[in-house]
Amino acid sequence: MNEIRFSGFGGQGIIRQGLILGKALSLYDNKFATMTQSFGPEARGSACSSQVVVSDERVLYPYVTKPEILVAMSQEAYEKYEPELREGGTLIIDSDLVRLKPSKRKIKIYSIPSTRFAEEIGNRIYANLVMLGFFAAVTKIVSPEAIKKALPGLVPSRYLDMNIKAFDRGFNYGLEVLEKEAQSKVEKEPKAEKKTAKAKNEGMEK
Amino acid sequence: MSVRKKSADPKGVLTGVHYLDGDYAIAEGALAAGCRFFAGYPITPSTETAERFAERIPLVGGVFIQMEDEIASIAALIGASWAGVKSMTVTSGPGFSLMMENIGLACMMEVPIVIANVQRGGPSTGLPTLTGQGDMMQVKWGSHGDYEIIALSPDSPQECFDLTIKAFNLSEMYRVPVFIMTDECVGHMHEKVVIPPAEEIEIIERKWYEGPKDKYLPYQPDVDLVPFMVKAGDGYRFHTTGLTHDQRGYPVINAEAQDWCVRHICDKIRLNADKIIEYKEDETDNAEIVVVSYGITSRVAWKAIQDARKAGIKVGSLRLITVWPFPEKRIEELAGKIKAFVVPEINLGQIKREVERAAKGKAPVYPVSHCGGWVHNPDDILKVIKEAAK
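Here is the structure:
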C-alpha cells in the first residue's frame, strides 16, 4: 500500500493532481485508489492538499497518515507536511518554490523547477502536470500511459495537448534525474555496478 | 402486489467506469433511477450533488431549482412527486433540521421523495467541512408525531450510486420518504464507480391507479398496505393534507381517524420491514464478538475486524445497509449467542442505544464513539474489540 500526499496552495492544481493520479491508477492501472482532499475556506492562496491511498486490495482507511511520498509545491506545504513523511520516504519539491531546511532525516529528495518549466511551455498553470510527470518518472507508481488516458475529462479538452506536453516535460526530466543518480552511484561504487543497475530497474519499493 | 418493474431509462444512465466522489455518485444514481426533479439549497458538504444535478438534469429533460431554503425544497419535492415526477434533494446538518417540518408532511401525505444527507459534524453549524454521523436518530425521529421512514447508509461512492437507486425504488414502492445517510468523508472521497448498462438496472415504479376517475381514494390501502397514486393534473379529483385524514384524504379530526391514519403510515413500513431491511453479515455464525457498523465507519471497522481475527478473536461483522427500519430481530438472535456487540460510530452512541434496545440485555454493547471531524483510527476499534472479548 502507498500513501501519497500532494500539497501546495489553492490554485496550483493540487487537487487535480490527486484526481488524475487516482483515476489513472484505478481505471487504467488496475489498482484501488482512494482520493481525499483538504483545503481552507479560501478558494485560492490557502494551504491545500490532496491525498491518494493506493493498494492492490480495497482501501479501508481512506486518509493518509504517514505518507511514503510527499509532493510539496509551496514552502508552507513543505513545512506543514514534511514532519509526517515516513522515515525512508520520498520528498518531491518544486525547487524554485521550496527551500529545504537542514535535516538529518533519512528521506529521498527529488526536485524539479516545475513552475519554471511550465512557464517555458507557455503557462505556469501547467506546473501541476509537469510535477505529475516528474512524480510518475521517479516513483514509478503509475504508468505514463494511464495518466494520459485519465486526462480527458479532467483537463479542458482544448488544452489536452498542452497538458500532455507538460506531463512529458516532467516525465523526461525525471528520467534524466534517475539516470544521473544511477551514474553517480556507479562512479562512487564501481564494484556495486550490478546491484545499482538492478535497484534502478526495480525502481521504488512499492 | 402490483409493483411495476422495468429497466432504467437509458437517457439518464451514464454507463461506464468513472472516477467519482460520493456526492456525484448520488446524483448519477438518482438520474439512473429516473429522478427528473431536483429542488434544493446548497450546503457543504453536499453542494457537489446539487452542482452535478444542475449540470446534468437539463440534459435528460429534468428540472433543477435552487429554492429559497430547505423547507421550501421539500415542499417543491412533494408537489413534483404528486405530479408524477421522481424527485430528490440533498443537504447536510443545518439544512436537514430545516427540512423536518415538511418531511413530516411528506410522511403524512405518503409521497415518494428521496433525501440525501451528507452528514457533517453537528449540532448547529458545527463542522461544515468535516465528517460526522450525528443525524442517525434525527432522521428517524426529527419531525413531530409517530411516523416511519427508510434510511440507507452507503460506505463508498459505488454504494452512493447503488443505494440511491435502491432509495428511489423503496420510496416508490412504499410511498415514503427515503433517506441516503452518507457523510462528508464518503461524499468527498473519489473512487472508481461502475455504472452498468440501463437494461441491467432494475427500476420500480409506484402503483398507478387506473380505475374510474370518480372512485379514486388516495389513502385506501392495497393488500401490501400501500395505497395507489395518481398524477395531479390528470383529471382525478382528490384531496391531500397534513391533517389527520380518512381514505378520501379529507380531514377528520377525531381520535378514531387519528388511530387509523397514524397506524397506517407506520404499519406499511413496520409490517413490511423484513422485505425492506438489508444488512451484510460476515462470520457471525460462531462469533464471540459482533461489530455492528454502518457507512464510512463500517469500512474502517473492517480493518479492525481483520486485525482482531489475526489476534485470534472470533469477530463477526454486521454491516447495516438499511439503518431504518432497524434489524432488531437479527440483533436479538445474535445477542443470545455471542459475548458482546461493539458499535463504532461518529456520534456519542446513537445506534449503540438501538443495538442495546434490540439485544434486550442478552449481550452487552460496547460503544466506540467520538463527536466527529475525523473517521475512527482502526486501532481504537480494535482496542474495544479486545476489551469486549476478555
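As given, the protein sequences belong to chains A and B, one line each in that order. Under the numbering used here, the first residue of the first sequence carries the number 1, and numbering increases by one thereafter. Under the numbering used here, the first residue of the second sequence carries the number 1001, and numbering increases by one thereafter. Beta carbons: idealized from backbone N, C-alpha and C, even for Gly. All values reported here derive from a predicted model rather than from experimental measurement.
- For Lys23(A), at least one C-beta of chain B is nearer than 8 Å to its own C-beta.
- In this chain, the beta strand (DSSP E) harbouring Asp1282(B) covers 1279 to 1282.
- Within the stretch 1192 to 1207 of chain B, the residues whose Cβ lies closer than 8 Å to some Cβ of chain A are Lys1192, listed in chain order.
- Here the alpha carbons of Ser1073(B) and Ile1103(B) stand approximately 10 Å from one another.
- For Leu70(A), no alpha helix (DSSP H) run applies; the uninterrupted beta strand (DSSP E) run containing it begins and ends at 69 to 72, by DSSP.
- By the criterion of a C-beta distance shorter than 6 Å, Asp1009(B) is surrounded in its chain by Gly1034, once the five residues flanking it on both sides are discounted.
- Nearest neighbour of Gly1336(B) by Cα position, chosen from Phe1038(B), Lys1360(B), Met1067(B), Glu1110(B), turns out to be Lys1360(B).
- Chain-order list of chain A residues neighbouring Lys1303(B): Leu60, Tyr61, by C-beta distance under 7 Å.
- Within the stretch 73 to 113 of chain A, the complete beta strand (DSSP E) segments at least 3 residues long are 90 to 94, 108 to 112, listed from N- to C-terminus.
- With a cut-off of 8 Å on Cβ pairs, the stretch 1323 to 1331 of chain B is not in contact with the stretch 1342 to 1350 of chain B, counting fewer than three such pairs.
- Ser26(A) has a beta carbon lying within less than 8 Å of a beta carbon in chain B.
- With the criterion set as a beta carbon lying under 7 Å from some beta carbon of chain A, the members of the stretch 1282 to 1308 of chain B are Arg1299, Val1300, Trp1302, Lys1303, in sequence order.
- A distance below 8 Å separates the beta carbons of Leu60(A) and Val1300(B).
- Shown here, Tyr1294(B) sits in a strand according to DSSP, grouped into three states.
- Contact of His1190(B) with chain A is assigned, a C-beta pair being separated by under 8 Å.
- By the 16-neighbour rule on beta-carbons within 10 angstroms, Val1194(B) is exposed.
- Rounded to whole angstroms, the gap between the alpha carbons of Ala1257(B) and Ile1180(B) is 32 Å.
- Of the other Cβ atoms in all chains shown, 16 or more fall within 10 Å of the Cβ of Ile4(A); this residue is therefore buried.
- Against chain A, a Cβ distance below 7 Å from Cys1185(B) picks out Pro62.
- Not one beta carbon of chain B lies nearer than 8 Å to the beta carbon of Leu151(A).
- With its beta carbon less than 8 Å from one in chain A, Pro1378(B) belongs to the interface.
- Rounded to whole angstroms, Glu1068(B) and Arg169(A) show a C-alpha spacing of 49 Å.
- At a beta-carbon threshold of 8 Å, the residues of chain B lying near Leu19(A) are Tyr1019, His1190, ordered along the chain.
- In the pairwise beta carbon analysis, the stretch 1144 to 1160 of chain B is classified as not touching the stretch 1369 to 1388 of chain B: fewer than three pairs are separated by under 8 Å.
- What Met1(A) touches in chain B, judged by beta-carbon distance under 8 Å, is nothing: the nearest beta carbon there is about 11 Å away.
- Residue nearest to Lys1213(B) within the set Glu1387(B), Lys1086(B), Gly1235(B) is Gly1235(B) (criterion: CA-CA distance).
- Straight through space, the alpha carbons of Gly1187(B) and Asp1023(B) are spaced by roughly 5 Å.
- Distance from Gly1295(B) to Asp1183(B) at the Cβ level is roughly 6 Å; contact confirmed, criterion being Cβ atoms closer than 8 Å.
- Within the same chain, Trp1082, Ala1083 come within 7 Å of Ala1232(B) by CB-CB distance, once the 5 residues on both sides are set aside.
- CA-to-CA, the gap between Gly122(A) and Pro67(A) works out to about 32 Å.
- Contact fails between the stretch 97 to 105 of chain A and the stretch 138 to 146 of chain A, because fewer than three Cβ pairs, one in each stretch, are under 8 Å apart.
- Residue Pro1196(B) holds the alpha-carbon nearest to the alpha-carbon of Ala1025(B) among Ile1269(B), Asp1135(B), Asp1259(B), Pro1196(B).
- For Val1375(B), the chain A residues whose C-beta falls within less than 9 Å of its own C-beta are Tyr61, Pro62, Tyr63, listed in chain order.
- When the Cα atoms are used, Lys1268(B) and Ile1165(B) turn out to be separated by approximately 21 Å.
- From the beta-carbon of Gln37(A), the residues of chain B found nearer than 8 Å are His1188.
- Annotation: Met1099(B) to Ala1106(B) spans about 11 Å, alpha carbon to alpha carbon.
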